[in-house]
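Chains A and B, in that order, are what the protein sequence lines are.
The working numbering numbers the first residue of the first sequence as 861 and each following residue consecutively.
The working numbering numbers the first residue of the second sequence as 861 and each following residue consecutively.
Here's the structure we're looking at; comments come further down.
Number of protein chains: 2
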Amino acid sequence: MAELGEFGLIARITAGRELPPGTLLGPGDDAAVLVAADGRVVVTTDVLVEGVHFRLDWSTPHQVGRKAVAANLADVAAMGAVPTGLVVGLAVPGRTPISTVDGLAAGMWLEAGQAGAGIVGGDVVSSEQLVVSVTAVGDLQGRAPVTRSGARPGDVLGLCGRLGWSAAGLAVLRRGFRSPLAVVAAHRVPEPPYGAGPQAASAGATAMIDISDGLLADAGHLAEASGVGIGIDSAAVPVASRLVEVASALGGDALHWALTGGEDHALLASFPAGVALPVGWTKIGVVREGRGVTVDGCEVLPAGWQHFP
Amino acid sequence: MAELGEFGLIARITAGRELPPGTLLGPGDDAAVLVAADGRVVVTTDVLVEGVHFRLDWSTPHQVGRKAVAANLADVAAMGAVPTGLVVGLAVPGRTPISTVDGLAAGMWLEAGQAGAGIVGGDVVSSEQLVVSVTAVGDLQGRAPVTRSGARPGDVLGLCGRLGWSAAGLAVLRRGFRSPLAVVAAHRVPEPPYGAGPQAASAGATAMIDISDGLLADAGHLAEASGVGIGIDSAAVPVASRLVEVASALGGDALHWALTGGEDHALLASFPAGVALPVGWTKIGVVREGRGVTVDGCEVLPAGWQHFP
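Structural data, given as structure tokens:
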């Protein structure tokens, strides 16, 4: 790391990559330039810290790179937008092997490319602890942004994407196991349903949020922002049979993972009653007058992930 | 810090601030939405690490916040753009007093506001070391972006802004002094000439760069990107009499600070011969055939700031 220097590192991260057509100016200048044909841009940022958000003994740098980018792309999708480009800040200890930075960069490019975006700029600096900072810019393609605050009593609550998989994978890793691979892989690299965000926006979603803190916690955020209550029907919440098996083996609770586990980055949205939910979306509850979140009619305290517990 | 929690912190950073009119959706949702009337956006990111880029025994959190934002806004200006919004990532040790985060946020808002932009989103996470990550989005207002690669032989090399002030202030602080205040203040908070970037673009600048690594180093970056040589006339390089006094007192060299000192974020641009430089710009050299940077006809090795020396 220390041998290569800052400029060598940036060249290494950005060299030879193919940038999507919306990139008017890629890395290497004071700033990048992206097309913003819609006349508005969506922008969001996330920071991941080694030891807090990821562990390099549990995930490869490639997986960490994918996860960091996925968290941002899910936020873009949750507005009903598609990503047009990302910029990345890396704070890296000088002792870090160059293969770690290569792996991070490759993972970021892979995940960004799957959503049609490129990494258009960045900064690499030295630090004591590995910190990955990602900012994504997105395009609404003429749609109104879908905020957290538009849910109205009577709306239907829909879900698209996986719940509880990352939590199950984390439970496995915490016990010192490395399998079942499916849930461990889900913890290492989420699979947010990027396309479902714009799809929900086109279908008339009134509010939407990316589930990063857990279904109950993020439903609570949506309810609070909209000034409504949300009722979830636990029987309608998808609990994969794989999670039930893992829970049974570990003595865990698959429904609890699905209700409270974060980092799978499913999308939660409200739709006007009578609107047919888009393909891939499942009705899991309703929006009602009042406040807070209930499960099967009982009040719950949203138990989300707090970085400063 | 730890008591307040992540959501409390974000609310604290963003609450009660007035966002500029181009902010369609501010903090608190999955992403912010900014106007991008030009149909293109400029985007740039910088990361500052405690102990590497700043020291909290030399600068207040407010000054660090201003400096972090200033570095990004200078990059936006160097493209010929004006900033429309910023997102901020803070990785903060749990033991950090809340006043540190308040100070960082207030400094960021002040500097952003001076350039007409707001802080439209962010992320706050826990870490062992304070890391400040800032991303700025800017608007070209119909102008072509001014890159580093457009300088042509025969162009005039112009400068706007201060040189060597931050280096002089750093030299003072390293000796254990706290004055003269003017240079120490310049090290703590740069004063980039934000308006000069769009001004130079309108005047027909062929290439432009923000001087963050030092005049010689950044002239070298511009020369390399443009495939040209650059000749600097040392007699034309502005060396403030204040710097000469400080250099004399410390046994330093004011011209050396002006040529190699970074972090003042002056702007360096090339203009076609015959173009009258905009008000505030000074001719300090010429663009010629060849490569590399010369000072008074002699080759120099650009001595810039390297984070991994």
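Think of the CB as a built atom: it goes at the ideal place given N, C-alpha and C, for glycine as much as any other residue.
- Of the residues Pro1132/B, Ala897/B, Ile958/B, the one whose Cα lies closest to the Cα of Ala871/B is Ile958/B.
- Here the C-alpha atom of Val997/A lies approximately 9 angstroms from the C-alpha atom of Val942/A.
- Taking a Cβ-Cβ cut-off of 8 angstroms, the neighbours of Ala892/B in chain A comprise Val902, Val903, Thr904, given in sequence order.
- Following the DSSP letters along the chain, one finds Pro881/A in no alpha helix (DSSP H), marked with neither H nor E.
- Contact of Pro1005/A with chain B is assigned, a C-beta pair being separated by under 7 angstroms.
- Beta-bridge partners assigned by DSSP to Ala1079/A: none are found.
- Taken atom to atom, the span from the alpha-carbon of Val992/B to that of Ile873/B is near 14 angstroms.
- Judged by DSSP secondary structure, Asp889/A falls outside any alpha helix (DSSP H); it is assigned neither H nor E.
- Flagged as an interface residue toward chain A: Glu988/B, by a C-beta distance shorter than 7 angstroms.
- Taken in chain order, the complete beta strand (DSSP E) segments of 3 residues or longer contained in the region 901-976 of chain B are 942-952.
- In the structure shown, Ala1042/A falls within a helical segment according to DSSP collapsed to helix, strand and coil.
- Against Ser1094/A, chain B offers no close residue; the least beta-carbon distance is about 25 angstroms (beta-carbon pairs closer than 8 angstroms).
- For Val1153/B, the secondary structure class from DSSP, reduced to helix, strand or coil, is strand.
- The way I'd put it, the region 976-983 of chain A does touch the region 930-950 of chain A; three or more beta-carbon pairs between them come closer than 8 angstroms.
- Taking CB atoms only, Val985/A has a neighbour in chain B less than 7 angstroms away.
- By the neighbour-count definition (other C-beta atoms within 10 Å, threshold 16), Ser1101/B is an exposed residue.
- Collapsing the DSSP output to three states places Arg1022/B in coil.
- In terms of beta-carbon proximity, Asp917/A stays away from the interface with chain B, with every pair separated by 7 angstroms or more.
- Within the same chain, and ignoring the five residues on either side of Thr1066/B in sequence, the residues whose Cβ sits closer than 7 angstroms to its Cβ are Gly1010, Ala1011, Arg1012, Asp1015, Ser1130, Phe1131, Pro1132.
- Think of a sphere of 7 angstroms around the beta carbon of Thr995/A: the chain B residues whose beta carbon falls inside it are Thr905, Val947, Thr995, in chain order.
- The bridge partners DSSP lists for Ser993/A are Val907/A, Gly949/A.
- For Phe1131/A, the pairing in a beta bridge is given by DSSP as Val1016/A.
- DSSP lists Leu1127/B as the bridge partner or partners of Asp1070/B.
- Among the residues of chain A, none has a CB under 9 angstroms from the CB of Met968/B; the nearest is roughly 13 angstroms distant.
- Looking from the CA of Gly1134/B, the closest CA among Cys1158/B, Val1099/B, Ala1063/B, Asp1124/B belongs to Ala1063/B.
- Residue burial annotation: Asp889/A is buried, with at least 16 other C-beta atoms found within 10 angstroms of its C-beta.
- Counting every other CB atom within 10 Å of its CB across the protein chains shown gives Val1106/B a total of 16 or more, marking it as buried.
- By the C-beta density criterion, Leu879/B is buried, having at least 16 other C-beta atoms within 10 angstroms.
- Of all residues in the region 1068-1080 of chain A, only Ile1069, Asp1070 come within less than 7 angstroms of chain B when Cβ atoms are compared, listed by chain position.
- For Ser986/B, no alpha helix (DSSP H) encloses it; the enclosing beta strand (DSSP E) starts and ends at 979-986.
- Residue contact with chain A for Ala897/B: present (Cβ-Cβ distance below 7 angstroms to some residue of chain A).
- Leu933/B is the residue among Arg877/B, Leu933/B, Arg1148/B whose C-alpha sits nearest the C-alpha of Glu1051/B.
- By the C-beta density criterion, Ala1060/A is buried, having at least 16 other C-beta atoms within 10 angstroms.
- Straight-line spacing of the CA atoms in Leu908/A and Ala951/B works out to 8 angstroms.
- With a threshold of 16 other beta carbon atoms within 10 Å, Cys1020/A meets it and is buried.
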